[in-house]
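Worksheet: the structure to be examined is printed underneath.
Protein chains in written order, with our numbering: chain V, 657 to 949; chain P, 372 to 693.
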């Protein structure tokens, strides 16, 4: 069921396996180089993207500057990077919460309840995938401007707006994912609770939801990453900067000290790395249930 | 008759248990998918510019934005490349994604557990990486000067003597190569996940029997794996095609930072975003018209995809409901 599943463990030769691994590794070289050089640059005085060993002068200065909240080495623009990290975190946590809530409700309905238009609703969820994001952003920005509040509230409003708008994008994913998990629970459990006279909502909250904890965790994780990694919604709607928009404005800027940007980028990558440590097995279990009805 | 039928259907739905569970999703879908599309349709009939809503929103120009758009697509040398690029980008990236995903899934199938999960994790990385960091990585990899990783490798190997500005000087192949490469790496993991989980559901006996009969890796792939993955290949192909038609976020920064040519590195979806948000003169009527046509193309392809995939068969009625 987990990543173990069906493997070809029988009778295959070691030599062809090594050959395969080597082939995959060759194709992976750009990937490994790209990520490796970024991380290495964050520990160096100069960017080492040109593979020149003389440029690699080990230092922790970038990281010290970063943790001191200084984003420029000399003069120029100073922004406290921790405010930016906090902004990114607020968006990610907000998206994660909303996606999990809505996804587990909708997923339950399409998995367990009969209602007229169920099939159409599920077809719509798939069709939403074909909606072009950039066209939607244009329309959403129009709504954003229509409901713009007074000057004092704009920052709060923009956080709220970006969280709800970005979370909406993840609803189809979250619904299909949760549906897969709800499908796996034997319906007798629910039936027993319903016979005892509990309402459907209560059954969902008290009986069913605790049984799909891995699914809830997965959606929370995916939702968090979706909010954390986003650039388009954040740069379009959010008044404050996040790590994404900070990197966007610093790559080509005259004043930026690039190894420090590399350090910020590596820091920005940390949740992704943590995600991999946590979710390795989860992803392949999910996908096994997610594609089928 | 039909009207009262629909009305009672809606009334029944509102009273059912499902209503409470679906309400939040329905509200979000209406507010953030359906209304924005409707707003875009409206905008495409107005001369809206630079988000100056008060000034332009009550003026109507009919289909003028659409005619302008068609005229630009057929005549404007700065718009034409975008559509050629979109077609090339979708076709080539689609091939890379499906074949790459299939290749990775099959390759990991023939590997030991540790090697397989290592490979899977490595190739999932692009999809899970913050887009700004991901763009930054490839910005330095394909950089046009000697600090670019690709240039420095080719120079060290003696293949080229001067750094090449891949995204700006070799038109159109350079920018195409970069955007296809960058998006291809993200897309490959989708096929890999779907194919890997499909393979793990294949009855073990089939492979063991084939092995005992002395079948090679190649004949197992050709005679067992590929035939059993047929439906999944169709599914991934159609799904990815829709993704590629509408994707723009992984290209956005590469264009903004000047790594790739603005005309030969922009796709239709990105063109709309840039016209609405980053252009000096934001021609929103035009952007909306281009957007509405993209929505229509996406909807047609999406409906086609649902048909091809046999959506009806995928959705079973829930069991055991009382």
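C-beta: ideal position from N, C-alpha, C; glycine also.
One question on the structure: do residue i and residue j come within less than 8 Å of each other, judged by their Cβ atoms?
i                      : j                      : result
residue 669 of chain V : residue 915 of chain V : no
residue 712 of chain V : residue 764 of chain V : no
residue 411 of chain P : residue 656 of chain P : no
residue 917 of chain V : residue 818 of chain V : no
residue 705 of chain V : residue 669 of chain P : no
residue 756 of chain V : residue 872 of chain V : yes
residue 749 of chain V : residue 893 of chain V : no
residue 687 of chain V : residue 496 of chain P : yes
residue 460 of chain P : residue 661 of chain P : no
residue 876 of chain V : residue 501 of chain P : no
residue 475 of chain P : residue 559 of chain P : yes
residue 622 of chain P : residue 550 of chain P : yes
residue 492 of chain P : residue 878 of chain V : no
residue 438 of chain P : residue 653 of chain P : no
residue 857 of chain V : residue 397 of chain P : no
Tell me which same chain residues have a C-beta within less than 7 Å of the C-beta of residue i, skipping the five on either side of it?
i                      : result
residue 785 of chain V : 828
residue 552 of chain P : none
residue 450 of chain P : 443, 444
residue 740 of chain V : 897, 898, 899, 902
residue 693 of chain V : 704, 705
residue 430 of chain P : 417, 418
residue 860 of chain V : 764
residue 513 of chain P : 519, 521, 537, 538, 549, 630
residue 408 of chain P : 666
residue 685 of chain V : none
Looking at the secondary structure, which residues open and close the alpha helix (DSSP H) in which residue i lies?
i                      : result
residue 484 of chain P : 484–499
residue 858 of chain V : 856–859
residue 550 of chain P : 544–571
residue 753 of chain V : 737–768
residue 400 of chain P : 388–400
residue 575 of chain P : 575–583
residue 410 of chain P : 406–414
residue 901 of chain V : 899–906
residue 459 of chain P : 451–480
residue 539 of chain P : 537–540
residue 445 of chain P : 435–446
residue 869 of chain V : 869–885
residue 783 of chain V : 774–783
residue 704 of chain P : For chain P, the structure presents residues 372 to 693; residue 704 of chain P sits outside this window and is missing.
Using three-state DSSP, classify residue i as helix, strand or coil.
i                      : result
residue 700 of chain V : strand
residue 891 of chain V : helix
residue 714 of chain V : strand
residue 420 of chain P : strand
residue 788 of chain V : coil
residue 724 of chain V : coil
residue 669 of chain V : coil
residue 924 of chain V : helix
residue 705 of chain V : coil
residue 530 of chain P : coil
residue 510 of chain P : helix
residue 428 of chain P : coil
residue 804 of chain V : coil
residue 678 of chain V : helix
residue 376 of chain P : helix
residue 690 of chain V : helix
residue 932 of chain V : helix
residue 913 of chain V : coil
residue 795 of chain V : helix
Starting from the C-beta of residue i, find all residues in its chain whose C-beta is less than 8 Å away, skip the five residues before and the five after it, and write them out in chain order.
i                      : result
residue 542 of chain P : 632, 635
residue 486 of chain P : 479
Looking only at its chain, what residues have a beta carbon closer than 6 Å to the beta carbon of residue i, apart from the 5 residues adjacent to it on each side?
i                      : result
residue 536 of chain P : 515
residue 389 of chain P : none
residue 677 of chain P : none
residue 591 of chain P : 581
residue 569 of chain P : 600, 603
residue 463 of chain P : 551
residue 471 of chain P : 559
Should residue i be listed as close to the ligand GTP, given that the test is whether its C-beta is under 7 Å from any heavy atom?
i                      : result
residue 884 of chain V : Absence of the ligand GTP is noted for the structure shown, with no ligands found whatsoever.
Can you list the residues of chain C that residue i reaches, using a CB-CB cut of under 8 Å?
i                      : result
residue 813 of chain V : The structure shown contains no chain C; the protein chains it does contain are V and P.
key: Length-filtered (4 minimum) alpha helix (DSSP H) runs lying within the stretch 819–846 of chain V   = 827–839
Secondary structure, alpha helix (DSSP H): runs of 4+ residues fully inside the stretch 601–677 of chain P = 601–617, 620–627, 639–648
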